[in-house]
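Taking it in order: structure first as structure tokens, then the write-up.
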Amino acid sequence: MGIIKALGLSFTGSEGGKALDVVMDTDVAGDITTGDLALNKLKVDLGPASITGKGSVKGLLTDKPAVEGFELTGRNLDPAALADYYPPLRKQLNGMIAGPIGLDVRGSGTQDAQAIDVNVDLTPVRLRVPAQLTKDAGGAMKLSARVSGAAATGGALRFDAKADLGGIDLRPGLLVDKAPGQRMDLSAAGTYAPGKGSGMKVDIPKLTANVLEDTMTGSAAFALAGTGKKQTTTFSADLKSQKLDADALMMSEEEVQARGGPPPEEPPSDDPTRFNGYRGDIRFAVGTLRYMEMTMTQVTGVVKMTDDLITVEKFSTGVYGGRIVADGTTMRLGPLPEQRPFEAKVKVEGVAVEQALTQFTPQKAVTGKFNGNVDVKGVGYTPDQLKQTLLGGINGDLLDGELLGKDLVAAVSEPLAKALPIAAKGLKNEQVTKLGGDLPFSVQIKDGVAQLSKPLTWARPEAELSFDGGIRLDGSLDLTGSVALTPSTVKTLTLGKVTPPAAIPVGLKLTGPAWKPEVTSLDVKPAVTQIAKLAASSLAGNLIGGERGQQVQGIIEGGEDKLRAEAEARRKELEAKAAEEKARLEAEAKKRAEDEAKKRLRGLFGK
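All residue numbers for the sequence shown refer to our numbering, where the first residue is 5 and numbers rise by one.
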């Protein structure tokens with residue numbers, strides 16, 4: 005009991021630092037016979053910092069010692085101030101922390117069971133952790149934890165921890181868009197159990213995160229076992245949230261660039277076995293999720309990991325007015341990112357196409373509801389890689405669809421009307437092409453082209469339309485087809501002068517980006533010839549009249565059967581051209597793939 009002073013202390017390596025005064029004031033009482041020890045007072049001054057404490061130990065000489073009322077309080081524990089006494093500390097801190105840390109520790113227990121409460125107040129502290137976070141002095145940051153269990157004998161521990169991180173700024177990390185003063189508090193309660201060797205297991209049945217305007221609750225577990233190549237890492241998580249705004253929580257690309265852009269990434273490991281031994285699953289359920297400007301509802305999923313294999317066992321969400329299910333989607337993480345194989349299995353019900361395509365096109369291209377399936381696989385993730393590796397198919401039905409930006413019937417009727425030798429007028433341009441109430445389609449994806457498995461065909465009152473060909477993965481169209489104008493349309497076009505016995509086809513190609521389609525290779529000559537014949541026939545028949553007039557009409561027209569035969573021949577000709585175009589696209593894609601393979605071989609062998 006008494007005061008001990010050590011003044012003017014200096015330490016090896018602290019040249020240039022201030023001399024440190026240490027003063028310790030204690031009041032200790034004890035009973036040697038029982039092994040009882042009472043620390044009535046402990047006060048240690050280390051320069052500007054101070055630590056005070058008290059407590060007692062009973063039965064120290066027995067087999068069941070106990071600690072009661074242990075308290076330890078630290079004040080003015082400022083690492084930056086202590087660096088004045090030990091200059092090397094300043095270099096180690098590198099300006100990351102400055103300001104007085106508040107510390108309170110309280111403990112009690114026996115050899116079989118202990119309990120300790122720790123409270124740390126970093127509110128007065130300034131933090132600067134490069135590329136991670138900052139905090140100004142005065143910004144709220146408090147940590148508290150209670151740990152109990154058989155720590156002294158290496159047994160399991162129970163813990164209950166809480167953190168108020170409202171004062172920190174996570175934006176320097178270029179990931180989470182949390183500014184000082186915005187809500188962020190975390191809590192976790194569970195158990196920790198040491199295992200054999202370096203093994204351990206953590207169970208957290210209660211987990212809560214309040215970040216910005218959202219709250220997430222759930223449970224988690226983590227365990228390590230084994231060593232070396234036999235080491236295993238198992239994990240699980242079950243997370244729930246009524247509302248989660250990932251767009252608000254995550255920094256946008258513009259915000260990241262405004263802060264200088266992301267730092268250069270370290271090259272990923274090329275060891276394909278680095279995930280061996282990982283086993284786990286993550287389950288989630290979110291009422292409303294905002295992500296990449298999409299609003300998703302009733303989002304549920306189960307994602308499992310076995311070594312490097314990620315399997316989406318269950319995934320379902322409402323989005324774009326419909327629902328998407330992606331059960332069975334897989335990816336392997338072992339290879340480098342550009343070499344990772346994946347397989348996507350997606351079922352789509354009632355999704356608004358115009359909304360879904362806005363993620364991939366600068367403006368709307370097609371409207372309608374899509375029901376169908378997407379079953380594709382590939383390697384890599386960049387557009388250039390997917391053009392070479394993506395395989396699979398998309399099939400389904402487009403309900404009440406419209407092609408925006410182009411009225412195909414009007415695009416055919418106007419040049420046809422101008423080419424006719426009789427007075428005629430093109431149809432009104434509606435700037436859209438209605439695709440019918442239910443348009444079934446199927447495409448096969450290969451070599452960067454989504455090729456139609458069979459022609460698209462649909463009918464409108466004005467025309468019957470048919471197209472074959474493909475759509476490149478960059479959204480450009482390469483379709484060949486025909487617009488067969490119905491008799492009533494031809495009658496309107498010719499101002500009532502001609503009403504053919506059958507539809508008259510006009511061949512064309514549809515090219516350009518899907519959101520700005522262009523009509524090319526328009527061939528109106530066969531249609532002009534047919535309509536001109538019919539016009540001449542009608543005029544001659546009207547002039548001559550009677551049975552003789554009908555005979556003349558038959559001679560000019562070549563008979564109704566001949567006209568139908570010509571139309572059928574024209575249709576077959578257009579289909580043949582479409583088949584040729586399809587073969588050309590496939591040949592070009594094959595050649596591109598061969599050329600790319602040759603380039604890679606030259607790169608490998610240096611030739």
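All C-beta atoms, glycine included, are put in the ideal place defined by N, C-alpha and C. Keep in mind the model is a prediction, meaning the values are calculated, not measured.
Item to check | Residue environment, E258, which counts as buried when at least 16 other CB atoms sit within 10 Å | outcome: exposed
Next on the checklist: Between A356, N123, T362, which has its C-alpha nearest L403's C-alpha?
Outcome noted: A356
Checklist entry - Does the beta carbon of A33 come closer than 9 Å to any beta carbon on chain B? => result The structure shown contains no chain B; it holds only a single protein chain.
Item to check | When R132, K410, Q389, A580 are compared against T524, the one with the closest alpha-carbon | outcome: K410
Item to check | Whole-number beta carbon distance between T219 and G171, since they are thought to touch under 8 Å | outcome: So it is not a contact: roughly 19 Å between Cβ atoms.
Next on the checklist: Quick check: the Cα distance between D121 and M254, rounded to an integer number of angstroms?
Outcome noted: 34 Å
Item to check | Residue from G34, A119, R130, A135 with nearest C-alpha to E269 | outcome: A135
Item to check | Identity of the residue in A213, G199, P209 nearest Q235 by Cα | outcome: G199
Checklist entry - Apart from the five residues on each side of it in sequence, which residues of its chain come closer than 6 Å, Cβ to Cβ, to G78? => result I55, L107
Item to check | Under the three-state DSSP convention, the category G63 falls into | outcome: coil
Item to check | Buried versus exposed call for M296 [16 or more other C-beta atoms within 10 Å across all chains shown] | outcome: exposed
Checklist entry - Which residues mark the beginning and the end of the beta strand (DSSP E) in which D35 is found? => result 24-35
Item to check | Backbone secondary structure at G12 - three-state DSSP | outcome: strand
Checklist entry - Helix, strand or coil: how does DSSP classify D388 here? => result helix
Item to check | alpha helix (DSSP H) segment containing T496, residue limits | outcome: 491-497
Item to check | DSSP three-state assignment for G440, whether helix, strand or coil | outcome: coil
Item to check | First and last residue of the uninterrupted beta strand (DSSP E) at A155 | outcome: Premise fails: A155 is in no beta strand (DSSP E) and is neither H nor E.
Next on the checklist: Can you tell me whether I535 is helix, strand or coil according to DSSP?
Outcome noted: helix
Next on the checklist: According to DSSP, simplified to helix, strand and coil, what is R175?
Outcome noted: helix
Checklist entry - Between the beta-carbon of V352 and the beta-carbon of G400, is there less than 9 Å? => result yes
Next on the checklist: In the DSSP assignment, the beta strand (DSSP E) including S191 goes from what residue to what residue?
Outcome noted: 188-198
Checklist entry - Among A506, Y324, Q389, which residue has its Cα nearest to the Cα of R344? => result Q389
Checklist entry - On the three-pair Cβ rule with 8 Å, is the region 8-22 touching the region 85-99? => result yes
Item to check | Simplified DSSP assignment, three categories, for R110 | outcome: strand
Checklist entry - How big is the Cα-Cα spacing for I548 and T503? => result For I548, the predicted structure reports a pLDDT of 42, less than 50, and the residue's modelled location is therefore unreliable. A value from the coordinates is still provided. When rounded, the distance between both Cα atoms is 19 Å.
Next on the checklist: Quick check: what's the CA-CA separation for G354 versus D442?
Outcome noted: 12 Å
Checklist entry - What's the C-alpha gap between G201 and G230? => result 8 Å
Item to check | Buried or exposed (CB count within 10 angstroms, at least 16 for buried), G550 | outcome: Confidence is the limiting factor: at G550 the pLDDT is only 44, short of 50, which leaves the residue's position unreliable, though a coordinate-based value still follows. Exposed: under 16 other Cβ atoms inside 10 Å.
Item to check | Assigned secondary structure, Q557 (DSSP; H/G/I helix, E/B strand, else coil) | outcome: Summary for Q557: the model assigns pLDDT 46, below 50, so the residue's position carries little reliability; its value from the coordinates is reported in the next sentence. Helix.
Checklist entry - Start and end of the alpha helix (DSSP H) containing A141? => result Element bounds for A141: n/a, residue is neither H nor E.
Next on the checklist: Please give me, in chain order, every unbroken run of the beta strand (DSSP E) with length at least 3 that falls completely inside the region 302-351.
Outcome noted: 313-323, 326-329, 333-336
Checklist entry - Between which two residues does the beta strand (DSSP E) carrying A289 extend? => result 282-295
Checklist entry - By how many angstroms is the C-alpha of V487 removed from the C-alpha of K529? => result 14 Å
Next on the checklist: On the DSSP bridge list, what partners appear for K373?
Outcome noted: A356, L403
Next on the checklist: I'd like to know if the region 475-495 and the region 504-516 are in contact, where contact means that at least 3 CB-CB pairs between them fall below 8 Å.
Outcome noted: yes
Next on the checklist: Within 10 Å of its beta-carbon, does S470 have 16 or more other beta-carbons around it, so buried, or fewer, so exposed?
Outcome noted: buried
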